[in-house]
Amino acid sequence: VPLSLTVSPPHSPVAMAASPDPSASPGGLVAVAQVTSTGDKEHNWRQCSALVRRAAAAGARAVFLPEGFDFIGDSPQHSLQLAEPLHGDTVGRYRQLARECDVWLSLGGFHERGQDWDSTGRIYNCHLLLDNSVSPMSPPVPSWGWPCAMTCVSRSWPRVSPGVPNVPNVLSPPQLGLAVCYDLRFPELAQALRGAGAQILTFPSAFTVPTGAAHWEVLLRARAIECQCYVVAAAQTGRHNAARASFGHSLVADPWGAVVAQCHEGPGLCLAHIDLPYLEQVRRELPVHGHRRGDIYGT
């Protein structure tokens, strides 16, 4: 399938307003990649790196890749064989790519062989953030603490370890709240990230076609509205192997819940501007976060 650049028209005028000082952070113009990963790591690298370079050429300051950007195996055993540690070749190549393209990279859903690999034989679904100086923005610990393995994978694929229940990870600038795929279904996590200071929530994913068609956009827009955050969601698309296909439709939603950029089917990119002054305006004029009754319903 030929790669195509997809830039959806904004649903609101603020979508095209640039964030202040976009050269200093992954704010400003962001790119969301949509790919079809397979069990062939080299194929996946060529596909992803080409999109990152195209995004950088278009002026993006940050590029978001979907869950399973490194590979999607043909079976659980195949995935265990292909998994790597954080200091392996795959992460090293993406570190170099971030430096060459002068962009931040969100690598959502890396199959990580953690420090306990030899004793457990299990891997982690790890969301990494690399800055353009090539210093890893992720700690050398299993996942970001709230991977999808806490929920769905712990029952459907026992070879993935659940994340450690630590404080949600929010990095700056701007404030990025990191999650993975199935985490999207838990508004409590999104609220915890908002409470920790998040301005952008990221949900790199590989939704199935049935669940994606029914739930994908409505859940992403709901998290954006509830948390008054930008939501950036890179997605897998198309047929990965004989047993698995993904929905696609990567998108960016603004703090009012409007979809300001979206891919459709097939590999490609969508681009959006992150307008932090608009985000603060939405929060100021509708201060729902300050009205939450934690004494009644917790987070």
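Sequential numbering from 1 applies to the sequence shown in the UniProt record's numbering.
Glycine residues also receive a C-beta, built at the ideal position from the N, C-alpha and C atoms.
Keep in mind that this is a model prediction, so the values were computed, not measured.
Residues that residue 59 bridges to, as DSSP identifies them: The residue you call residue 59 lines up with position 59 of the sequence shown. Its beta-bridge partners do not exist; DSSP assigns none.
Measuring CA to CA, which of 258, 264, 100, 54 is closest to residue 234? Within the sequence shown, residue 234 is the residue found at index 234, counting from 1. When only C-alpha atoms are compared, the closest one is 264.
Within the same chain, show all residues whose beta-carbon is closer than 6 Å to that of residue 209, passing over the 5 residues directly before and after it, in chain order. To locate residue 209, count along the sequence shown from 1; it is residue 209. Counting only Cβ-Cβ distances below 6 Å, and skipping sequence neighbours, we find 245, 247.
Residue from 77, 84, 175, 217 with nearest C-alpha to residue 262: Residue numbering aside, residue 262 sits at position 262 when the sequence shown is read from its first letter. Minimum Cα distance to residue 262 is reached at 217.
Quickly, what does DSSP pair residue 300 with across the bridge? List them, please. This structure cannot speak to residue 300, because the chain is shown only from 1 to 299.
Look at residue 237 and residue 34 and say whether their C-beta atoms are less than 8 Å apart. The residue labelled residue 237 in the question sits at position 237 within the sequence shown. The residue labelled residue 34 in the question sits at position 34 within the sequence shown. Yes, the Cβ-Cβ distance between residue 237 and residue 34 is below 8 Å.
Beta-carbon contacts of residue 303 that lie in its chain and below 6 Å, excluding the five residues immediately before and after: Residue 303 cannot be examined here, being either before or after the span of the chain that is shown, 1 to 299.
In its own chain, which residues sit with a C-beta less than 6 Å from the C-beta of residue 212, not counting the 5 before and 5 after it? As a position in the sequence shown, residue 212 is number 212, starting the count at 1. Closer than 6 Å at the Cβ level, and outside the excluded window around residue 212, lie 247.
Excluding the 5 residues flanking residue 46 on each side, which residues of the same chain have their C-beta closer than 6 Å to its C-beta? Looking up residue 46 in the sequence shown gives position 46. Cβ neighbours of residue 46 beyond the five flanking positions: none.
Return the bridge partner residues of residue 28 from the DSSP annotation. Translated into the one-based positions of the sequence shown, residue 28 becomes position 28. Residue pairing by DSSP puts residue 28 in a beta bridge opposite 274.
Go ahead and pull the three-state DSSP assignment for residue 22. By one-based count along the sequence shown, residue 22 stands at place 22. Any reading at residue 22 must be qualified, since the residue scores a pLDDT of 36, below 50, and its modelled position is unreliable; the value itself is stated next. Three-state result, residue 22: helix.
Opposite residue 127 in the DSSP bridges: which residues? Counted from its first residue, the sequence shown places residue 127 at position 127. The partner list for residue 127 (beta bridge, DSSP) reads 108.
For residue 214, which residues does DSSP report across the bridge? In the sequence shown, counting from the first residue as 1, residue 214 sits at position 214. According to DSSP, residue 214 bridges with nothing at all.
Member of 91, 219, 124 whose CA lies at the smallest distance from the CA of residue 76: Translated into the one-based positions of the sequence shown, residue 76 becomes position 76. Distances from the alpha-carbon of residue 76 to those of 91, 219, 124 put 124 closest.
Span of the beta strand (DSSP E) around residue 184: On the sequence shown, residue 184 is found 184 positions in, with the first residue counted as 1. Element bounds for residue 184: n/a, residue is neither H nor E.
Which first and last residues belong to the alpha helix (DSSP H) in which residue 98 is found? Along the sequence shown, read from residue 1 onward, the residue named residue 98 stands at position 98. Run containing residue 98: 89 to 101, per the alpha helix (DSSP H) assignment.
Could you compute how far the alpha carbon of residue 282 sits from the alpha carbon of residue 61? For the purposes of this step, residue 282 is taken as residue 282 along the sequence shown, with counting starting at 1. For the purposes of this step, residue 61 is taken as residue 61 along the sequence shown, with counting starting at 1. So the two alpha carbons sit approximately 24 Å from each other.
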